[in-house]
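Here the structure is laid out as structure tokens; the discussion comes afterwards.
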Amino acid sequence: MEKRRVYFDNNATTPLHPGVKQAIMEVLDVHGNPSSLHAFGRHARMLVEEARGKVAAFIGAKPDEILFVGSGSEGNNTILSILNSQCRMCEYNTCSGKELVTTKIEHPCIMETSKCLAERGIRVTYLDVDRDGKVDLNQLRDSVTLRTGLVSIMMANNEIGTIQDMKTISRIVHERGSLFHTDAVQAVGKVPVNVDELGVDFLTLSGHKIYGPKGIGAVYVRKNAPFCPLIRGGHQERGRRAGTENTIGIVALGRAVELRASEMADEEKRLRRMKEALRKGIAEKIPDVHFVGHPTDSLPGTLNVSFEGAEGEAILLYLDLAGIAVSTGSACASGSLDPSHVILATGLPVECAHGSIRISMGRENTFDDVDYMLTVLPDVIGRIRSMSSAYARRQ
Ligand SMILES: Cc1ncc(COP(=O)(O)O)c(C=O)c1O
Numbered sequence: 178m179e180k181r182r183v184y185f186d187n188n189a190t191t192p193l194h195p196g197v198k199q200a201i202m203e204v205l206d207v208h209g210n211p212s213s214l215h216a217f218g219r220h221a222r223m224l225v226e227e228a229r230g231k232v233a234a235f236i237g238a239k240p241d242e243i244l245f246v247g248s249g250s251e252g253n254n255t256i257l258s259i260l261n262s263q264c265r266m267c268e269y270n271t272c273s274g275k276e277l278v279t280t281k282i283e284h285p286c287i288m289e290t291s292k293c294l295a296e297r298g299i300r301v302t303y304l305d306v307d308r309d310g311k312v313d314l315n316q317l318r319d320s321v322t323l324r325t326g327l328v329s330i331m332m333a334n335n336e337i338g339t340i341q342d343m344k345t346i347s348r349i350v351h352e353r354g355s356l357f358h359t360d361a362v363q364a365v366g367k368v369p370v371n372v373d374e375l376g377v378d379f380l381t382l383s384g385h386k387i388y389g390p391k392g393i394g395a396v397y398v399r400k401n402a403p404f405c406p407l408i409r410g411g412h413q414e415r416g417r418r419a420g421t422e423n424t425i426g427i428v429a430l431g432r433a434v435e436l437r438a439s440e441m442a443d444e445e446k447r448l449r450r451m452k453e454a455l456r457k458g459i460a461e462k463i464p465d466v467h468f469v470g471h472p473t474d475s476l477p478g479t480l481n482v483s484f485e486g487a488e489g490e491a492i493l494l495y496l497d498l499a500g501i502a503v504s505t506g507s508a509c510a511s512g513s514l515d516p517s518h519v520i521l522a523t524g525l526p527v528e529c530a531h532g533s534i535r536i537s538m539g540r541e542n543t544f545d546d547v548d549y550m551l552t553v554l555p556d557v558i559g560r561i562r563s564m565s566s567a568y569a570r571r572q
């Protein structure tokens, strides 16, 4: 009998949507360079611009406010590097302030870029979050000043799923005359995102989190906002990102958002029901667990749970043996076993941070997957705890 497999790691990356796969197959033979003036080039250009229109429409932007990039990480680096730019070649030159305000729970592509900016003399403030992962708004009010050039706060957290109060944050930031960027890589395509309603100046999204391929992303740059290219060279993307366009990836991203537009609302409801069933089942079947993340303002399919007396990596490996794929906050990017900076920022003790796993569900998951998880997980946790002398001593 074939081994049962359950993919619960959709926040790491999502399986390609069959509709996106079809779109990719159709565009594989379009080899023209979108910058070429002949018919081959014009055809590729038309496809790129069509996709730009779809991405723009999906988040309530105008097509010329969308810039295609190679990943969410590149998009985030591009926007943060505006602070670093002193260059008079830039379209709108630089931000007025030179300080950055961000949070303690950002993705490493923001954290590492912030560290690099700090090395170059830019003052960076990292905002605290509460037990549910919500940003401290009073600290935000106090931290954003006339010297702040940019505030970068993720819309939804990749590890714990917490969604921030975006409208309040953007109001506070703009009242103080600063600019607001959000890393919406985990939010776009899972919950409604409209750049005007949120009041953001910059927003980043990524294809492979929404059933598109890896290696394509987009950045929203509000008209007349400051900008400075990260990659210089040719005039592609209106001089904002040099390099021949990834026509296949761009067309795929366009199709991915189009499919999200028709599937997202029903899926969101279904995933929330599945998550609740999973949360309830875990709470009933397993003692000494802590759920991390906001109970309601949260991504529909993301559940982060910490088990006392069990290491996240051990849980991951045992679940993998049973065919279930989840992730832990540590290890993933760095190969280190440091506890997750996100879980620690919520105030949970280090032991709990070590014992947490992220279950992230997506469009292909079913209630049967939830049931299977609930039959396997209690046994896995029981076995790991039975080997833990520290847990035994506590009993
Ligand atoms: C919140 C968040 N931002 C940025 C990224 C980076 O996106 P990409 O993998 O496209 O570089 C990720 C990927 O995990 C993410 O979850």
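For the sequence shown, counting from 1, position 111 maps to 288 in this note's numbering; every step adds exactly one. We treat Cβ as the ideally placed atom computed from N, Cα and C, and that holds for glycine.
Distance CB(residue i)-CB(residue j) smaller than 8 Å
{"i": "VAL466", "j": "SER483", "result": "yes"}
{"i": "PRO555", "j": "LYS452", "result": "no"}
{"i": "GLY470", "j": "GLY559", "result": "no"}
{"i": "LYS292", "j": "ARG324", "result": "no"}
{"i": "ILE501", "j": "VAL553", "result": "yes"}
{"i": "GLU395", "j": "GLY237", "result": "Before going on, a small fix: residue 395 reads as Ala here, not Glu. Not in contact: ALA395 and GLY237 (Cβ atoms no closer than 8 Å)."}
{"i": "LEU407", "j": "SER329", "result": "no"}
{"i": "TYR431", "j": "LYS231", "result": "Reading off the sequence shown, one finds Gly at residue 431, where the question assumed Tyr. Result yes, Cβ atoms of GLY431 and LYS231 sit closer than 8 Å."}
{"i": "GLY366", "j": "ILE340", "result": "no"}
{"i": "GLU490", "j": "LEU525", "result": "no"}
{"i": "GLY247", "j": "THR381", "result": "no"}
{"i": "ARG450", "j": "PHE468", "result": "no"}
{"i": "LEU375", "j": "SER347", "result": "yes"}
{"i": "THR424", "j": "PRO211", "result": "yes"}
{"i": "TYR397", "j": "ILE243", "result": "yes"}
{"i": "PHE185", "j": "ASN542", "result": "yes"}
{"i": "HIS220", "j": "VAL207", "result": "yes"}
{"i": "PRO390", "j": "LEU193", "result": "yes"}
{"i": "VAL301", "j": "THR280", "result": "no"}
{"i": "GLU444", "j": "ARG540", "result": "yes"}
Cβ-heavy atom distance, residue i to ligand 1, below 7 Å
{"i": "GLN341", "result": "no"}
{"i": "CYS286", "result": "yes"}
{"i": "GLN199", "result": "no"}
{"i": "ASN187", "result": "no"}
{"i": "HIS385", "result": "yes"}
{"i": "LYS253", "result": "The question names Lys, but residue 253 in the sequence shown is Asn. Yes, the Cβ of ASN253 comes within 7 Å of a heavy atom of ligand 1."}
{"i": "ASP309", "result": "no"}
{"i": "SER335", "result": "A small correction: the amino acid at residue 335 is Asn; Ser does not occupy that position in the sequence shown. Flag set: Cβ of ASN335 near ligand 1."}
{"i": "VAL365", "result": "no"}
{"i": "VAL362", "result": "yes"}
{"i": "GLY249", "result": "yes"}
{"i": "GLY420", "result": "no"}
{"i": "PHE196", "result": "Residue 196 is actually Gly in this sequence, not Phe. No."}
{"i": "MET564", "result": "no"}
{"i": "GLY326", "result": "no"}
{"i": "MET331", "result": "yes"}
{"i": "GLY376", "result": "no"}
{"i": "GLY394", "result": "yes"}
Presumed contact (8 Å Cβ cut-off) between residue i and residue j, rounded CB distance
{"i": "VAL225", "j": "GLU422", "result": "5 Å"}
{"i": "GLY420", "j": "GLY384", "result": "Incorrect: roughly 16 Å between the Cβ atoms, too far for contact."}
{"i": "PHE235", "j": "VAL434", "result": "4 Å"}
{"i": "ALA522", "j": "ASP305", "result": "7 Å"}
{"i": "LEU436", "j": "MET538", "result": "Their Cβ separation, rounded to whole angstroms, is 18 Å, which puts LEU436 and MET538 out of contact at 8 Å."}
{"i": "MET331", "j": "THR359", "result": "6 Å"}
{"i": "ARG222", "j": "PRO240", "result": "With a Cβ gap of about 13 Å, ARG222 and PRO240 do not count as contacting."}
{"i": "VAL159", "j": "ASN334", "result": "No statement about residue 159 is possible, as the shown extent of the chain runs from 178 to 572 and does not include it."}
{"i": "GLU485", "j": "CYS529", "result": "7 Å"}
Identified DSSP bridge partners for residue i
{"i": "PHE217", "result": "BP columns for PHE217 are empty, so no partner."}
{"i": "ILE340", "result": "ALA333"}
{"i": "HIS351", "result": "Paired residue(s): none; HIS351 is not in a bridge."}
{"i": "GLY394", "result": "VAL246, SER383"}
{"i": "ILE501", "result": "VAL183"}
{"i": "HIS467", "result": "SER483"}
{"i": "THR280", "result": "LEU304"}
{"i": "ARG535", "result": "ASN481, SER504"}
{"i": "SER475", "result": "THR339"}
{"i": "ASP360", "result": "THR381"}
{"i": "THR325", "result": "GLU276"}
- Query: Counting pairs of beta carbons, one from the stretch 480-499 and one from the stretch 529-536, are three or more of them closer than 8 Å?
  - Reply: yes
- Message: For the structure I just gave you, are there three or more beta carbon pairs, one from the stretch 390-405 and one from the stretch 256-263, closer than 8 Å?
- Response: yes
- Query: How do the stretch 314-322 and the stretch 348-360 stand: do at least 3 beta-carbon pairs fall below 8 Å, yes or no?
  - Reply: yes
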